[in-house]
Amino acid sequence: MSRDALRLPVRAELAAERPYGAPQLDVPVLLNVNENPYPPTTEVVDAMAAAVREVAVGLNRYPDRDATALRRDLADYLGHGLSADQVWAANGSNEVMVQVLQAFGGPGRTVLTFGPTYSMYPQYARDTATRLVTLPREEDFTVASEAATAAVAAERPHVVVLASPNNPTGAALPLETIARICDVTRNAQAVVVVDEAYAEFRRAGTPSALSLLADYPHLAVTRTMSKAFALAGGRLGYLASSREFVDALQVVRLPYHLSSVTQAVARVALAHRDTMLARVQELRTERDVTTGWLREQGLTVADSDANFVLFGRFADRHRVWQELVWRGVLIRETGPDGWLRVSIGSADEMMAFKRALGEVLPQAQRLQEAT
Ligand SMILES: *Cc1c(COP(=O)(O)O)cnc(C)c1O
Numbered sequence: 002m003s004r005d006a007l008r009l010p011v012r013a014e015l016a017a018e019r020p021y022g023a024p025q026l027d028v029p030v031l032l033n034v035n036e037n038p039y040p041p042t043t044e045v046v047d048a049m050a051a052a053v054r055e056v057a058v059g060l061n062r063y064p065d066r067d068a069t070a071l072r073r074d075l076a077d078y079l080g081h082g083l084s085a086d087q088v089w090a091a092n093g094s095n096e097v098m099v100q101v102l103q104a105f106g107g108p109g110r111t112v113l114t115f116g117p118t119y120s121m122y123p124q125y126a127r128d129t130a131t132r133l134v135t136l137p138r139e140e141d142f143t144v145a146s147e148a149a150t151a152a153v154a155a156e157r158p159h160v161v162v163l164a165s166p167n168n169p170t171g172a173a174l175p176l177e178t179i180a181r182i183c184d185v186t187r188n189a190q191a192v193v194v195v196d197e198a199y200a201e202f203r204r205a206g207t208p209s210a211l212s213l214l215a216d217y218p219h220l221a222v223t224r225t226m227s228k229a230f231a232l233a234g235g236r237l238g239y240l241a242s243s244r245e246f247v248d249a250l251q252v253v254r255l256p257y258h259l260s261s262v263t264q265a266v267a268r269v270a271l272a273h274r275d276t277m278l279a280r281v282q283e284l285r286t287e288r289d290v291t292t293g294w295l296r297e298q299g300l301t302v303a304d305s306d307a308n309f310v311l312f313g314r315f316a317d318r319h320r321v322w323q324e325l326v327w328r329g330v331l332i333r334e335t336g337p338d339g340w341l342r343v344s345i346g347s348a349d350e351m352m353a354f355k356r357a358l359g360e361v362l363p364q365a366q367r368l369q370e371a372t
C-alpha cells in the first residue's frame with residue numbers, strides 16, 4: 002500500500018488538523034514567543050548542572066510523583082498564605098490547562114473564554130472533547146462584567162478561562178471583573194481559571210487574582226516559569242487554588258508526569274529567584290519605551306501588562322511580518338486582523354526591531370491608506 006493511500010482511523014475532528022505552533026525560523030532577532038531574552042547566569046547554570054548530577058544517580062527510579070518539595074517551593078514563592086497542597090505543577094502551564102479540562106471539562110461540557118485570547122485554548126478544548134465558547138472581548142480588549150455574567154447564564158459553562166494579562170492583547174483584567182465572574186459561577190457548578198502566565202510583568206498597581214483565592218475555592222490561578230522566570234526550556238507550569246481543586250487534577254495526571262530532572266532544575270531556578278527575575282524590571286521598562294515609540298510612529302498600541310506589545314493596524318500585516326523577517330527580525334502574526342505582536346527582547350534586539358520596522362513602515366502605511 003502506498004503512503005498516500007494509508008488512512009489511519011484518526012478522530013474525525015483531528016483528520017484535517019496540522020500540528021500547531023509559531024514558526025521556528027533561524028533569524029538573528031527572535032521576538033515571537035514571549036521568551037525572556039536573557040539566559041541563566043553562569044552561577045545558576047552551574048547550580049542546575051550540580052542538581053541534575055545529584056538526581057542523575059537516582060534516575061533508575063521514578064520521580065516523586067507528587068513533586069512535594071517543588072510544590073512547597075512554589076507555594077513559598079507565591080506567598081498569599083498558600084500551602085503545598087494548594088499548588089500543582091506540570092510540564093508547562095499548557096499541561097496544567099489540559100489537566101484542568103480533563104478534570105472539569107470533557108464530552109458534554111463547556112469551557113467559556115473571551116477572545117481574542119491565547120491561541121492554545123481551542124486546542125486544549127478540542128483534545129479533551131470539551132465544547133469551547135469564545136465570546137468577544139470589548140473594543141479595548143477588556144471583558145465587561147455584565148457580558149460575562151450573561152454568558153455564564155446563557156452557556157452554563159463548567160470552566161471559565163480568563164487570560165490576565167491577556168495574550169496577545171497584553172492587559173490584565175480588573176480584579177473586580179474576575180471577582181464578579183467568581184460570584185456568578187460560585188453556585189453554578191463552574192470553575193474559574195485565571196491564566197497569569199505574564200503576572201510578573203504587570204504594571205505597578207495591577208493586582209494578581211491570587212489575592213482572591215481565599216474567597217473562592219472554585220478559582221484557580223495558573224502561572225509559568227517560561228516567561229518572566231526565563232525557563233521556557235525547563236517546561237514548568239503551575240497552578241494555585243483550593244486543596245479540592247488540586248485533588249481533582251491529581252486524579253487525571255499521568256503517573257510520574259514531572260521528571261526528576263525537571264523538578265530539580267525548577268527548584269534551583271526558584272532558589273535563585275532574585276537572579277532569575279533580575280531582568281523583569283528592565284523588560285517592563287523596555288516594554289513601556291517600545292509602546293511609546295510605536296505610538297510616536299502613529300500606530301495603535303494596546304496597553305500591556307506583559308512582555309509583549311500588540312500593535313497595528315496594517316492592511317496587510319503578513320507583508321509587514323515578512324519584511325521584518327527579511328531584515329532578520331521575527332515577530333508574531335497573531336491577534337485580530339491587522340495587528341502584530343512583538344515580544345520584548347534585550348535593548349539591542351529592540352533597537353534592531355525599531356530599525357527594521359522604521360524601514361518598513363512608510364510602505365506599510367501606504368498599504369493601509371490604500372484600503
Ligand atoms: C506562554 C503562555 C503560557 C505558558 O505556556 P507554558 O506551557 O507554561 O510554556 C500559558 N498561557 C499563556 C496565555 C501564554 O501566553
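With the sequence shown counted from 1, adding 1 to any position gets you this note's numbering.
Ideal placement from N, C-alpha and C gives every residue a C-beta, glycine not left out.
Bear in mind the structure is a predicted one, so any value in this text is a computation, not a measurement.
Alpha-carbon spacing of residue i relative to residue j, whole angstroms
i: Phe246; j: Met352; result: 45 Å
i: Glu350; j: Arg203; result: 21 Å
i: Leu341; j: Thr301; result: 11 Å
i: Arg181; j: Arg356; result: 44 Å
i: Arg236; j: Asn92; result: 5 Å
i: Met121; j: Gly59; result: 35 Å
i: Thr186; j: Leu7; result: 47 Å
i: Tyr199; j: Thr225; result: 8 Å
i: Asn35; j: Asn308; result: 6 Å
i: Glu147; j: Pro137; result: 13 Å
i: Gln70; j: Ala152; result: The sequence given here places Ala at residue 70; Gln does not occur at that position. Going from the Cα of Ala70 to the Cα of Ala152 covers about 40 Å.
i: Asp304; j: Val310; result: 8 Å
i: Glu55; j: Asp47; result: 12 Å
i: Ser74; j: Leu232; result: It is Asp, not Ser, that sits at residue 74 in the sequence shown. Their Cα atoms are separated by approximately 16 Å.
i: Pro169; j: Asn95; result: 16 Å
i: Arg132; j: Ala126; result: 6 Å
i: Ala189; j: Asn37; result: 39 Å
Per-residue DSSP class, three states only, for residue i
i: Val326; result: helix
i: Val11; result: coil
i: Arg342; result: strand
i: Pro1; result: With the chain covering only 2 through 372, there is no way to say anything about residue 1.
i: Thr178; result: helix
i: Trp294; result: helix
i: Val262; result: helix
i: Ala373; result: Since the first residue shown for the chain is 2 and the last is 372, residue 373 is missing from the structure and cannot be characterised.
i: Gly299; result: coil
i: Gly22; result: coil
i: Ala152; result: helix
i: Val144; result: coil
i: Val34; result: coil
i: Ala200; result: helix
i: Leu255; result: coil
i: Arg356; result: helix
i: Val28; result: coil
i: Thr42; result: coil
i: Tyr125; result: helix
i: Tyr119; result: coil
i: Phe230; result: coil
Buried/exposed call for residue i, threshold 16 Cβ in 10 Å
i: Tyr257; result: exposed
i: Gln251; result: exposed
i: Arg333; result: buried
i: His319; result: exposed
i: Tyr21; result: exposed
i: Trp322; result: buried
i: Ser84; result: exposed
i: Gln364; result: exposed
i: Gly206; result: exposed
i: Gln87; result: buried
i: Asp248; result: exposed
i: Asp27; result: exposed
i: Arg288; result: buried
Cβ neighbours of residue i in the same chain (closer than 6 Å, five flanking residues each side left out)
i: Phe105; result: His159, Val160, Val192
i: Leu240; result: Trp89, Val97, Ala221, Thr223
i: Arg268; result: Leu71, Asp74
i: Thr135; result: Thr114, Gly116
7 Å CB neighbourhood of residue i in its chain, flanking five on each side removed
i: Phe230; result: Ala270, Met277, Leu278
i: Leu32; result: Val330, Leu331, Ile332, Val343, Ser344, Gly346, Glu350, Phe354
i: Val162; result: Val112, Thr114, Tyr122, Val194, Asp196
i: Val266; result: Met49, Ala52, Val53, Gly235
i: Val253; result: Gln100, Gln103, Ala104
i: Gly336; result: Pro117, Pro169, Thr170, Leu311, Arg342
i: Arg244; result: Asp86, Gln87
i: Ala173; result: Ser165, Pro166, Arg203, Thr207, Asp306
i: Arg66; result: Pro256, Tyr257
Spatial neighbours of residue i in its chain, beta-carbon cut-off 8 Å, leaving aside the 5 residues before and after
i: Pro208; result: Leu176
i: Leu213; result: Leu176, Ile179, Ala180, Cys183, Leu220
i: Ser260; result: Pro64
With a cut-off of 5 Å, give the chain-ordered residues whose Cβ is closer than this to any heavy atom of ligand 1. Gly93, Ser94, Asn95, Tyr119, Ala164, Asn168, Asp196, Ala198, Thr225, Ser227, Gly238
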